[in-house]
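See structure below.
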Amino acid sequence: MFGKLNKEYFEIAEAHCDGPCGVYDPAQARIEAESVLMLTKKILDLKRPEGDDAQKAYANTLARFIAIKEQRAELAKHHLLVLWTDYFKPEHLAKYPDLHETFWKAAKLCSSCKQEISLEHAQQLMDAIKKVHEMFWDSKGKDVAWYTAS
Amino acid sequence: MQDELLRANLIHKLRLLFGRLTGFRVEGNSMKPTLEDGDSVLIEPSKQFRVGDIVLANHPFRKSIKILKRIEIIRPDGSYFLIGDNLAESTDSRSFGAIPAKDIIGKVICRLK
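Now the structure itself:
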């Protein structure tokens, strides 16, 4: 009798985090940052050709690379900010005193990667996200190895 | 702090049938280990709360959502600082601040299963 009641009358009380699924993973930021790194390499490797048609194709390719680099760096920043502001809590800060510094630098590197064509900053962004990965999985008590898709 | 929630007895169930209590199903892990995802609880509408009570409240920014958290602190201004028992997986007053008294709906008095 009460089992039936349970299904028919019970509303939902959320005991969630903001997600509200509670699913977080620094892999989202890592994938975007990897794209930024690859696009930076591609832009640096791109050679300006001779001839009208080839130059148009070159301009198109360069414009696309820049646009995608811009977009991916913004996405990397977004995913980092979600982790920073939604997942990490004051208890984590006590355990990882450089948490704020790490995220602040990583977010700033996302901006640098948009403004510049800097392999150095793109690599530093990957390094910062690796550090986030380590803190994140340590905070969950899981041993998850760092890997990259490229 | 309520260490363990009572199981609903016949009186609780009759009060539920007559609409004196409201049933809610828990979704999520923020109140673990006290309440598990899928647990059912009975809520008593109330305006009198103590530190340690598990309460049902309106989410401060998404009014259509009701949240279950525990009262950590009752502030001098009458607002409530709520936190989840599962600190690592709860978004609560540590993120969104204290909840005004008008948004606390009632307290959990027992679990149904």
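One line per chain: the protein sequences are A and B, in this order.
Numbers 14 to 163, taken from the numbering used here, label the letters of the first sequence in order.
Numbers 332 to 444, taken from the numbering used here, label the letters of the second sequence in order.
Where a beta carbon is used, it is the ideal one built from N, C-alpha and C, also for glycine.
Quick caveat: nothing in here was measured; it's all calculated off a predicted structure.
- Taking all protein chains shown into account, Tyr109/A has 16 or more neighbouring C-beta atoms within 10 Å of its C-beta and is therefore buried.
- For Asn73/A, the enclosing alpha helix (DSSP H) starts and ends at Asp65 to Val95.
- Contact check for Ile398/B and Ala42/A: beta-carbon distance about 27 Å, past the 8 Å limit, so the pair fails to qualify.
- Following the DSSP letters along the chain, one finds Val386/B in no alpha helix (DSSP H) but inside the beta strand (DSSP E) bounded by residues Ile385 to Asn389.
- Phe23/A reaches chain B at Gly354, Phe355, Arg356 and Ser371, counting residues in chain order whose Cβ is nearer than 8 Å.
- Look at Lys153/A here: in three-state DSSP terms it is coil, with no helix or strand label.
- Residue environment: Pro39/A is assigned as buried (16 or more neighbouring CB atoms within 10 Å of its CB, all protein chains considered).
- Chain-order list of chain A residues neighbouring Lys438/B: empty, with the shortest C-beta distance near 12 Å, by a criterion of under 9 Å.
- The continuous stretches of beta strand (DSSP E) do not include Arg43/A, which lies in the alpha helix (DSSP H) extending over residues Ala40 to Asp58.
- Between Ile404/B and Val386/B, the alpha-carbon positions lie close to 13 Å from each other.
- The beta carbons of Val49/A and Ala135/A sit closer together than 9 Å.
- Residue pairing by DSSP places Ala26/A opposite Val357/B in a beta bridge.
- The DSSP-derived three-state label of Phe412/B is strand.
- In the three-state DSSP reduction, Pro364/B falls in the coil class, being neither helix nor strand.
- Across the structure, Val382/B and Leu94/A are spaced so that their CA atoms are roughly 33 Å apart.
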